[in-house]
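Before any comments, here is the structure.
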Amino acid sequence: MQHLLASLLSGMLVAATPLIYAALGELVAERSGVLNLGVEGMMLLGAVTAFGVAFSGYPPLVAALAAMGAAAAAAAVFAVLALSLATNQYATGLALTILGSGLSGLIGRHFGSGSISSIAKLRLPVLSDLPVVGPVLFNQDPMVYLALVIAAGAWWFLYRTKPGLVVRAVGEAPHSALAIGYPVIRIRYLTTLFGGAMAGLGGAYLSLAYTPLWVEDMTAGRGWIALALVVFASWRPGRLILGAWLFGGISVLQLFVQGFGIQLPSELLTALPYLTTIMVLVAISRNPTTLRLNTPLSLAQPFRPER
Amino acid sequence: MLRIELEPRATASHFMRWGAPLLALLLTVLVIAPILALAGLPPLETLRIFFLSPLSSLNGLSEWLLKASPLILIALGLTVGFRANVWNIGAEGMYTIGAICAGWLALRYGDAGAHFWLLPAMMLAGALGGAAWAAIPAFLKTTANTSEILVSLMLNYVAALLLSYLVNGPMQDPQGLNYPQTALFEPSAMFSTPFAGLRINASMFITLVAVPLAWLLLERSFLGFQLSVSGAAPAAARYAGFSQTRLTWISLSISGATAGLAGMMEAAGPLGQLTPVISPGYGFAAIIVAFIGRLRPVGVVFGGLLLSLLYLGGEAVQMSLNVPASLSRCVQGTLLFFLLAGDVLILYRLRLRSP
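Those sequence lines, one after another, are chains A and B.
Residue numbers for the first sequence follow my numbering, beginning at 1 and rising by one.
Residue numbers for the second sequence follow my numbering, beginning at 1001 and rising by one.
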């Protein structure tokens, strides 16, 4: 029983990690008014890049950085269209997802049978010796901890620094921000690139640590769940962590259910995260006033300075 | 640093209206060629097989229309919603549910005694099934403000898993050696194929009827006007008293019904049974088709013909060079990027400026 609970908790932390990365990046981008529906595609590009680099014998750190670069490059393409050319953000993001899934499949077509060793666990001294929780919470790979550090950093940036305030202002009232003299488009470029890099890191976590191999479309909708998480979190980093843990918990529920010997169709269990996403969205969006208060006002609206 | 600036044109550019899509296609080829080279494929040879070989035979033409038909049908439905800013990206799931509903009828009543009503009933079941699946995001959007984008997308995965469950369990062929598939449909549950040796079938007429209907709805009806206004100027639509709830329901139901019908056409056409994977990504490709057609029914026809050509090209390359089908999605995504960028040139001029 204790062992089962420990593996559930540990699985939850691990499954939540790619979601935290991808959703954090998207959260910051959306705070500045950019809705990038290409998260799924950028995650896939990150995953395939990271796997390819690690497979060629480079250390995980290099692989993760390469993944961030590749996904940020994809985000830059999105930014040129959606920001400089002010195209429809929905359609442009969808194009990025389609391109990312296609391109990653093409790049990874020879990776099929390859395998790499997973990222080594990082045992935090003393803490990992605590009974029950110690081995679960303090004996994970470094990327699990890094996700939480970045989340705290994002909170600090958005709410405690002046550039963070500017990002939020750009998302709420881009024309006013421009009038005061802030370069709206340039700021949105930066947040979009950050969003891309984070999505790439989330993808890298999947192919380096979560399941250290490459499978076509291995993100299986996690990019979209990350988008839903941002709404769930009401665009706040703290709540995003809670949401990611919730989703992580649900996606490892399969272990739990099997542990108790409950017979359910495996498809139903696999569908749980998607169904939960829908239910959570309903719960969070039901009150139109709070939803409107929390949503960045200029979200997904093309910005043309001359108007 | 050079800055790209948009300068509004005095009038919309006629040249760009027609030239932009061609320019987009050309640029797509120019971008894809080096990607192919990087992926270790001979670029020119691959492109030749991709774009030219599918149309060099009668069978190729038949396959071309066979693929274009569902793409056009789904895209026509999506166009209705996109006009009104209702972003249904769950056509893939609606397509799957339509195929499941029609397939159930086919397996239940498709015995030796030929029922003249079976095929029409399957069409109805497919359309209703797709519309019912679309009713979920519609209901949740209109009652709980949930994003139809995320809900309809999540339901894609749920529909795919439901199909997988059904063909592995309740609907599995009892004589099928445990393969995950249903029994083959009887001829009475399938569209007739008028040309011997070619797979093209009578379901083509459904799309042929749908195009003028969509044109009437979108370009000539008050409802079509309401949809366009609520998409382009939501505030104006509110002042005019157009019900956003009603328009959301209509958009999603229509796009669900067309996607479901397309799924039925595939199941009762080239497939003739249900298997775990019944769509080569038509639901997503149809989004591109709608945009290539600039959300106009006649444009959608051209878009559907173009994208189905890309699908065939992908298959041809897959067979002759052993390249995964993902090449098609690569080309599709790149093309959509350039189309979106190209359309900016209709209303704007690009200026490079150094500050």
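Even for Gly, the Cβ is constructed at its ideal location relative to N, Cα and C.
Partner residues in the beta bridge of residue 1005(B), as assigned by DSSP, are 1351(B).
Within chain B, the residues 1006 have their CB atoms less than 8 Å from the CB of residue 304(A), given in chain order. Going by DSSP, residue 87(A) is part of no alpha helix (DSSP H) at all; its letter is neither H nor E. Pairing residue 1252(B) with residue 1068(B) gives a Cβ-Cβ distance that is not under 8 Å. Here the C-alpha atom of residue 1288(B) lies approximately 43 Å from the C-alpha atom of residue 262(A).
The shortest CA-to-CA distance from residue 159(A) to any of 28(A), 300(A) and 301(A) is the one to 28(A).
Counting along the chain, the unbroken alpha helix (DSSP H) around residue 1207(B) starts and ends at 1204-1215. Below the 8 Å Cβ cutoff, chain A contributes 91 and 94 as neighbours of residue 1287(B), in chain order. If you draw a 10 Å sphere on the C-beta of residue 1141(B), you find 16 or more other C-beta atoms in it, and that means buried. Nearest to residue 207(A) by alpha-carbon distance, out of 109(A), 68(A), 118(A) and 272(A), is 118(A). Residue 64(A) and residue 219(A) have their C-alpha atoms spaced approximately 16 Å apart. For the set 1030(B), 1148(B) and 1190(B), the Cα lying nearest the Cα of residue 1118(B) is the one of 1190(B). Annotation for residue 1281(B): no alpha helix (DSSP H) segment contains it, and DSSP assigns it neither H nor E.
Among the residues of the segment 1067-1089 of chain B, those with a Cβ less than 9 Å away from any Cβ of chain A are 1082, 1085, 1087 and 1089, in the order of the chain.
Sixteen is the threshold: when 16 or more other Cβ atoms of the shown chains lie within 10 Å of the Cβ of residue 170(A), as they do, the residue is buried. DSSP, reduced to helix, strand and coil, places residue 174(A) within a helical segment of the structure shown. Those residues of the segment 99-130 of chain A placed with their C-beta closer than 9 Å to a C-beta in chain B are 99, 100, 101, 102, 103, 104, 105, 106, 107, 108, 109 and 110, ordered along the chain. Taking C-beta separations shorter than 8 Å and ignoring five residues to either side along the sequence, the partners of residue 1331(B) in its chain run 1028, 1032, 1050, 1310, 1313 and 1314, following chain order.
Assigned with DSSP and collapsed to three states, residue 59(A) falls in coil, not helix or strand. For residue 1333(B), a Cβ of chain A is located within less than 8 Å of the residue's own Cβ.
The beta carbons of residue 1342(B) and residue 1021(B) sit closer together than 8 Å. The DSSP-derived three-state label of residue 1031(B) is helix. With fewer than 16 neighbouring CB atoms inside 10 Å of its own CB, residue 1007(B) falls in the exposed class. For residue 1265(B), the uninterrupted alpha helix (DSSP H) run begins and ends at 1244-1266, by DSSP. Under the Cβ distance rule, residue 1154(B) counts among the residues neighbouring chain A, one pair being separated by less than 8 Å. Look at residue 1331(B) here: in three-state DSSP terms it is helix. If the five residues before and after residue 1115(B) are omitted, its C-beta is found closer than 7 Å to the C-beta atoms of 1109 and 1188, all from its own chain and listed in chain order.
A straight-line Cα-Cα distance of about 22 Å links residue 1336(B) and residue 216(A). Here the alpha carbon of residue 130(A) sits roughly 15 Å from the alpha carbon of residue 10(A). In chain order, 99, 102, 103 and 106 make up the part of chain A whose C-beta sits under 7 Å from the C-beta of residue 1330(B). As the crow flies, the alpha-carbon of residue 108(A) is around 14 Å from that of residue 43(A). Against chain B, a Cβ distance below 8 Å from residue 224(A) picks out 1150, 1153 and 1154.
The C-beta of residue 1045(B) has fewer than 16 other C-beta atoms within 10 Å across all chains shown, which makes the residue exposed. Residue state for residue 1318(B) is assigned as helix, using DSSP reduced to three classes.
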